[in-house]
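This report refers to the structure that appears directly beneath it.
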Amino acid sequence: MADPTGFDVTLIRFVRAPRERVFDAFVQSAIARRWMCPRGMSIPEAQFDARAGGRFRVAMRARDGTRFVAGGAYREITRPEKLVYTWRWENALPAGVDTLVSVVFVERASGTELRMTHGGFPDAATRDAHEEGWGSSLNQLTDLLDERGQAATVVLYGDPRSSYVRTARMGLAEKGVRYTLQPVAPHSPDIAALSPFGRIPAFRDGRVALFETSAILRYVDEAFAGPSLVPGTVRDRAQCEQWVSAINAYLDGAMIRRYVLQYLFPKGPGGQPDRTVIDAAVHDMTAQMALLERAYAGRDFLAGKALSMADLFLAPILFYVEQFPEGKALLGRHPNVMRGQSILRARASFRDTAPGV
Ligand SMILES: N[C@@H](CCC(=O)N[C@@H](CS)C(=O)NCC(=O)O)C(=O)O
Numbered sequence: 541m542a543d544p545t546g547f548d549v550t551l552i553r554f555v556r557a558p559r560e561r562v563f564d565a566f567v568q569s570a571i572a573r574r575w576m577c578p579r580g581m582s583i584p585e586a587q588f589d590a591r592a593g594g595r596f597r598v599a600m601r602a603r604d605g606t607r608f609v610a611g612g613a614y615r616e617i618t619r620p621e622k623l624v625y626t627w628r629w630e631n632a633l634p635a636g637v638d639t640l641v642s643v644v645f646v647e648r649a650s651g652t653e654l655r656m657t658h659g660g661f662p663d664a665a666t667r668d669a670h671e672e673g674w675g676s677s678l679n680q681l682t683d684l685l686d687e688r689g690q691a692a693t694v695v696l697y698g699d700p701r702s703s704y705v706r707t708a709r710m711g712l713a714e715k716g717v718r719y720t721l722q723p724v725a726p727h728s729p730d731i732a733a734l735s736p737f738g739r740i741p742a743f744r745d746g747r748v749a750l751f752e753t754s755a756i757l758r759y760v761d762e763a764f765a766g767p768s769l770v771p772g773t774v775r776d777r778a779q780c781e782q783w784v785s786a787i788n789a790y791l792d793g794a795m796i797r798r799y800v801l802q803y804l805f806p807k808g809p810g811g812q813p814d815r816t817v818i819d820a821a822v823h824d825m826t827a828q829m830a831l832l833e834r835a836y837a838g839r840d841f842l843a844g845k846a847l848s849m850a851d852l853f854l855a856p857i858l859f860y861v862e863q864f865p866e867g868k869a870l871l872g873r874h875p876n877v878m879r880g881q882s883i884l885r886a887r888a889s890f891r892d893t894a895p896g897v
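In terms of the working numbering, the sequence shown is residues 541 to 897.
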């Protein structure tokens, strides 16, 4: 078991899959290479010789090409109940030190409870790094074996009518990530636990919890395979960031908060939309739309040559703007913006996330 003088990681996970399958995922190379690394990494090489005295070796590759190689020897193999093996990094911390992994597989009514200990780390920092790494790896194991796939682990919290929630949903759809949508309202207790400002969306991937749509999309982009949500060049990436930031800081304020919400939740005399507020918002929106019109001149996307996070932030906002008279007229006078929006609106990620209002 774990070294009493060392620092240990203990993780308990429920996977909705038969115990034999979960056990085999730890010892069969073809399966292990599909999950035994943190999200965003890949496994170019894996050999598992799971028999008494046998060894394993697994090479992980990060996106920047850095390789991390671990290997070890089996100490106990009791299929499908228990597995104990040593773990030694060739080139990561703690380098050249044997640590010990012990996994107990407990059969439950609808799946398997996995109790894992990785023990014997020399300090809290390496223990914490392994806790995060295993947490992320076990997310991938769940993706692979659980009948709900990624939706067992990846959860988006928020009302699907929210433009920001739609942005996050579109990003998940563009990446091809399955997820569970928990339809919760801003400032509800569920959201308060995840998002200190009470705003939606919030996000969870196993033990990783995030708030702020751009942070959620950054994570989704790097943690999962699929087309990139940020452009490939330095200039285009910066331009994408510029638009995400401007949409968050200025466009959302005028277009959604001061314009659309004034129609949806009128605050004027007699329960009508407040004209003063709407007129002032339309004034600002006019300048913003002119800016977008120039940005879309001769191009289909806000940054680079393909869809990016910037487009995902803008499309749900302009969808709402177009539902109300001044917004519809304004968009009608900006053909470049409308061309960009028609391209976005034809995508499954946009169609499948229609807010239904
Ligand atoms: N900066 C946040 C903004 C999110 C946001 O404002 N969401 C709206 C719904 S579209 C919300 O939660 N509103 C509640 C409120 O303003 O208190 C993000 O990017 O996620």
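Positions of the beta carbon are idealized from the N, C-alpha and C atoms, including for glycine.
- In this structure, Val562 has its beta carbon at no less than 8 Å from each heavy atom of ligand 1.
- Residue pairing by DSSP places His658 opposite Val549 and Val641 in a beta bridge.
- Every alpha helix (DSSP H) of 4 residues or more that sits fully in the stretch 711-740 is shown, in chain order, as 729-732.
- By the C-beta criterion, the stretch 546-558 is judged to be in contact with the stretch 677-687, since at least 3 inter-stretch pairs fall below 8 Å.
- The straight-line gap separating the alpha-carbon atoms of Pro895 and Arg706 is approximately 8 Å.
- In the three-state reduction of the DSSP assignment, Pro875 falls in the helix class, which pools H, G and I.
- Assignment of Gln782 by DSSP, reduced to helix, strand and coil, places it in the helix class.
- When beta bridges are read from the DSSP output, Glu621 appears opposite no residue.
- In the three-state DSSP reduction, Val822 falls in the helix class (H, G or I).
- Ligand 1 has a heavy atom closer than 8 Å to the beta-carbon of Tyr704.
- Phe588 has Phe596 as its beta-bridge partners, per DSSP.
- The beta carbon of Tyr803 sits closer than 6 Å to those of Pro813 and Phe864, all from its chain and outside the five residues before and after it, given in chain order.
- In the DSSP assignment, Leu801 falls outside any beta strand (DSSP E) and within the unbroken alpha helix (DSSP H) covering Leu801 to Leu804.
- Under the three-state reduction of DSSP, Tyr836 is assigned to coil, being neither helix nor strand.
- Here Asp745 carries a strand assignment [DSSP, helix/strand/coil].
- In the DSSP assignment, Tyr697 falls within the beta strand (DSSP E) that extends over Val694 to Tyr697.
- The distance from the Cβ of Arg603 to that of Gly580 is about 6 Å, consistent with a contact at the 8 Å cut-off.
- The shortest C-alpha to C-alpha distance from Ala590 to any of Thr606, Phe608 and Lys622 is the one to Lys622.
- Within 8 Å of the C-beta of Asn876 there is not a single heavy atom belonging to ligand 1.
- A straight line joining the alpha-carbon of Glu585 with that of Arg834 spans about 49 Å.
- In terms of Cβ geometry, Gly872 and Asp840 do not form a close pair [threshold 9 Å].
- Distances from the CA of Thr618 to each of Ser702, Ser642 and Arg597 were compared; the closest alpha carbon is that of Ser642.
- Boundaries of the alpha helix (DSSP H) harbouring Gly675: Ala664 to Leu685, taken from the DSSP string.
- Our two residues, Thr652 and Leu640, have alpha carbons roughly 22 Å apart in a direct line.
- Closer than 8 Å to some heavy atom of ligand 1: that does not describe the Cβ of Pro558.
- With a cut-off of 8 Å on Cβ pairs, the stretch 844-864 is in contact with the stretch 753-763, counting three or more such pairs.
- Between Met656 and Val646, the gap from beta carbon to beta carbon reaches 9 Å or more.
- Relative to ligand 1, the beta carbon of Gly738 is positioned inside 8 Å of a heavy atom.
- Taken atom to atom, the span from the alpha-carbon of Glu762 to that of Trp674 is near 17 Å.
- For Arg579, there is no enclosing alpha helix (DSSP H), as DSSP gives it neither H nor E.
- In the structure shown, Ala602 falls within a coil segment according to DSSP collapsed to helix, strand and coil.
- Within 8 Å of the C-beta of Asp792 there is at least one heavy atom belonging to ligand 1.
- Taking 8 Å as the cut-off, one finds at least one heavy atom of ligand 1 near enough to the beta carbon of Gly698.
- Shown here, Arg709 sits in a helix according to DSSP, grouped into three states.
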